[in-house]
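With this note's numbering applied, the sequence shown corresponds to residues 4 to 616, in that order.
This report concerns only the one structure given below.
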Amino acid sequence: MCGIIGVVGSSDTLATLLQGLQRLEYRGYDSAGVALVRPGQTWRARTAVGTESVAALRAECASAPSGFRSGIGHTRWATHGAPEAVNAHPLLDCSGNIAIIHNGIIENHAELQEQLEAKGHVFTSVTDSEVLAHLIEDSRIQGLELMEAVRASLLVVRGAFAIAAMDANEPDVIVAARRISPLVVGTAPGVTYLASDVPAILDRATAFYAVNDDEIVRLRPEGFRAIDLEGSPVRLHQLSIDWDLETAEKGGYDDFMTKEINEQPDALRSTLMDRRHKDGTITFDELRIGDDELRDVKRVVLVAAGTSHNAAQVAKYALERWARISVEVDISSEYRYRDPIVEIGTLVIGVSQSGETIDTIMATREAQYRGAHVIAVSNIVDSSLAREADAVIYTRAGLEVSVASTKAFVAQVAALELLALRLAQLRSTLSPSDIDALFLGLNAVGSQVATVLERRDRFEAVAHELKGARDFFFIGRHVGFPTALEGALKLKELSYLHAEGYPAGELKHGPLALIEPGVVVVAVATDPAMHEKILSNLAEVKARGATVVAVATDDDESIAAVADYVLRVPATEQMFTPMVDIVPLQIFAYAMARILGRNVDRPRNLAKTVTVE
Ligand code: AGP
């Protein structure tokens, strides 16, 4: 994810861009840059110093020439090309007059670059985005004005984009366009803005408009004009924004947790985007480990804490089933104290949303010290874990502010299952057609999660029904077990109520003694292969007076006989169920916390990142 901003007709262009970039830092900050344009001159500054990039850019701009009324700015979350200044946006065409910024992924960038280089274009970065600058340049050379040049360029581009382009030969104009990646336009008297989201321009623009997929907008100081990819005029939808800044940063939601629960479909799409070549090869651009090394992996050890540990436990099932590799999952804070065995071919994967959890960092350091290769699965680019690991896979879920992790969990499961498919590909433990089918199924999970999100009210109603309950057991089988663990963790950390996750088959080995009227048992019961056994577990607890809540598929007609409340979800492939089934449990926990008056974004005693052992 990246952040983009632009302004035309401003008397304080640079201040507008830098303030906006500061607010867009959550979208990515391994590098940042601005370009200012006036007749015949494009001035650019870029920095790439990790989390301080915007601050460094501000310092760099102290020497900027004055008198520019228009400009664009960008914060980068590297997907293609290292997070270095040479790859920072804005990117220029050969003439140096055209500057572009881009959020998204140009999937056919390689073939386009080849065609452009054959026509003499010279590329200066290792990014997918730079093709846009040269495509626009090509059309401008043919005499098209900027808006038509952008339209002609986007007709040949595949992938996701929110872009903005400027040309020193057409000053006081920015042309912006969107497909999948977010883009808004703002207006004020004599000034027009664009940004990835409203907060970036909230206190400058007075009216706001959403740009939809395949819409192109030309911004001038006096306003804007919009067309579709065919060139036909379109009207932008005006947004009714009455937010203050803090609300705006929550995207209009009451709190960050609600925002992030609702961002899960996008988080999944971003995590999985552009991860498969046309020939079916699954690829992780940022994964600096050779295929031979991956192919020779004999054993995998996943180390993680909290929610990330629950995601790692889901990954164990996928890695063992699809890649036929032996997998262990360790609690980070335990790993290094158990004198772990690391042999040749041991791959250790550190899973961490923040990439700063000291328990996980210390565990992966121990693993490296003992000779293991380490892959970091991190949601933050350039996090400590990512920097120290031999290789990294980014989950691209976007900034997660709420202490209770939600979208990072589903993104971690998706990224780890994708890695399992890659290993299955390398080890030929699954047929290409099976891998393709699973990859397509994985890519459909975002839509299934979106369907579940529409049922929010039903899940919240169950929390209201159970608001007096004080003891909860969450149970599941197979991948339903780590899903149950995650559901229990959400309820614990948000509502401060006692909740435990258990394998359903384990109840009779002790916990059943605790079951009595008033105790709530929440079962993850969506797996057809485990369904009969789960039903009998629920009959056991129901017979002892428990209140039963079941997460069950839409077509499950037998669950109602043993469940007092059913949280319905669409059926999906067994390994994908954690990403779908966790959503009603997130919402249930959230609703219970709100009923109890808890601070859902900042629960007591907890921190978003635990940097102490
Ligand atoms: C999850 O909701 C909690 N915030 C916590 O368990 C968290 O998952 C854990 O601290 C690990 O954090 P990390 O993923 O950043 O390493």
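All C-beta atoms, glycine included, are put in the ideal place defined by N, C-alpha and C.
Just so you know, these numbers come straight off a predicted model, no measurement behind them.
Test: residue i CB closer than 9 Å to a CB of chain C
i: Val522; result: Among the chains in the structure shown there is no chain C, since it carries only a single protein chain.
Per DSSP, the bridge partner or partners of residue i
i: Asn106; result: Ala165
i: Ala210; result: Thr190
i: Val332; result: Leu305
i: Asp558; result: Note: Asp558 sits in no beta bridge, so no partner.
i: Gln44; result: Arg41
i: Thr349; result: Arg302
i: Arg79; result: Ser34
i: Ser73; result: Val11 and Val40
i: Asp50; result: The displayed chain sequence assigns Thr, not Asp, to residue 50. Looking at the DSSP assignment, Thr50 forms a beta bridge with Ala35.
i: Arg571; result: Ala555
i: Arg181; result: Ala165 and Glu218
i: Ser142; result: None, per the DSSP bridge assignment.
i: Ile101; result: Asp170
From the options, residue whose alpha carbon lies closest to that of residue i
i: Ala191; options: Ile347, Glu225 and Gln267; result: Glu225
i: Ser156; options: Ala414, Ile103 and Val89; result: Ile103
i: Leu20; options: Thr45, Ile101, Leu60 and Gly43; result: Leu60
i: Arg1; options: Gln44, Pro86, Val89 and Gly99; result: Outside the displayed range of the chain (4 to 616) lies residue 1, so it cannot be described from this structure.
i: Val586; options: Gly162, Thr261, Asn106 and Leu419; result: Thr261
i: Ile590; options: Thr250, Leu138, Gly162 and His467; result: His467
i: Val482; options: Ala67, Thr580, Ala203 and Val413; result: Thr580
i: Gly490; options: Ala553, Leu138, Arg26 and Asp216; result: Ala553
i: Ile244; options: Gly9, Tyr212 and Val384; result: Tyr212
i: Tyr340; options: Ser357, Pro506 and Thr367; result: Thr367
i: Thr612; options: Ile598, Ala51, Ser311 and Val527; result: Ser311
i: Arg49; options: Val11, Ala18, Leu94 and Gly70; result: Leu94
i: Asp141; options: Gln118, Ser13, Ala163 and Thr130; result: Gln118
i: Glu535; options: Ala165, Asp558, Ile562 and Val525; result: Ile562
i: Leu158; options: Asp216, Val129, Phe126 and Gly189; result: Asp216
i: Arg425; options: Leu24, Ala321, Val306 and Ala167; result: Ala321
i: Arg571; options: Asp530, Glu87 and His240; result: Asp530
i: Arg480; options: Arg605, Tyr505, Pro268 and Gly74; result: Tyr505
i: Val129; options: Lys122, Ala113 and Arg143; result: Ala113
i: Ala443; options: Phe462, Leu290 and Ala417; result: According to the sequence shown, residue 443 is Leu rather than Ala. For Leu443, the nearest C-alpha among the options comes from Ala417.
i: Gly3; options: Ala167, Leu538 and Ala315; result: As shown, the chain starts at 4 and ends at 616. That puts residue 3 outside it, with no answer to give.
i: Asp567; options: Pro343, Phe164, Lys410 and Ala526; result: Ala526
Whole-angstrom distance between residue j and residue i, CA atom to CA atom
i: Leu429; j: Trp325; result: 11 Å
i: Gly53; j: Val452; result: 32 Å
i: Glu543; j: Phe484; result: 18 Å
i: Val303; j: Ala38; result: 46 Å
i: Val176; j: Tyr196; result: 11 Å
i: Asp170; j: Cys5; result: 22 Å
i: Met365; j: Ser335; result: 8 Å
i: Ser387; j: Ile230; result: 44 Å
i: Leu500; j: Ala35; result: 43 Å
i: Ser431; j: Ser450; result: 29 Å
i: Gly234; j: Leu242; result: 23 Å
i: Ala251; j: Ala210; result: 14 Å
i: Glu337; j: Glu296; result: 27 Å
i: Leu588; j: Thr16; result: 46 Å
i: Lys319; j: Gly99; result: 50 Å
i: Pro573; j: Gly193; result: 50 Å
i: Ala270; j: Ile352; result: 21 Å
i: Gly358; j: Leu402; result: 12 Å
i: Leu456; j: Met578; result: 20 Å
i: Asn111; j: Glu133; result: 12 Å
i: Arg459; j: Ser381; result: 29 Å
i: Tyr397; j: Glu420; result: 13 Å
i: Met276; j: Arg607; result: 36 Å
i: Tyr593; j: Ser498; result: 8 Å
i: Ala648; j: Cys97; result: Limits of the chain in this structure are 4 at one end and 616 at the other, which puts residue 648 out of reach.
i: Val413; j: Ala400; result: 9 Å
i: Arg161; j: Arg221; result: 21 Å
i: Val201; j: His240; result: 14 Å
i: Ala596; j: Phe259; result: 14 Å
i: Leu350; j: Ala487; result: 27 Å
i: Ile204; j: Gly189; result: 7 Å
Please give me, in chain order, every unbroken run of the beta strand (DSSP E) with length at least 3 that falls completely inside the region 212-292.
218-223, 226-231 and 240-242
Quick one: complete alpha helix (DSSP H) runs, 4+ long, within the region 414-495?
435-446, 448-456 and 459-468
Which full runs of the beta strand (DSSP E) of 3+ residues lie inside the region 582-612, going along the chain?
none
In chain order, which alpha helix (DSSP H) runs of at least 4 residues are fully inside the region 493-550?
534-546
Complete runs of the alpha helix (DSSP H) confined to the region 366-418 [at least 4 residues]:
The qualifying runs are 387-391.
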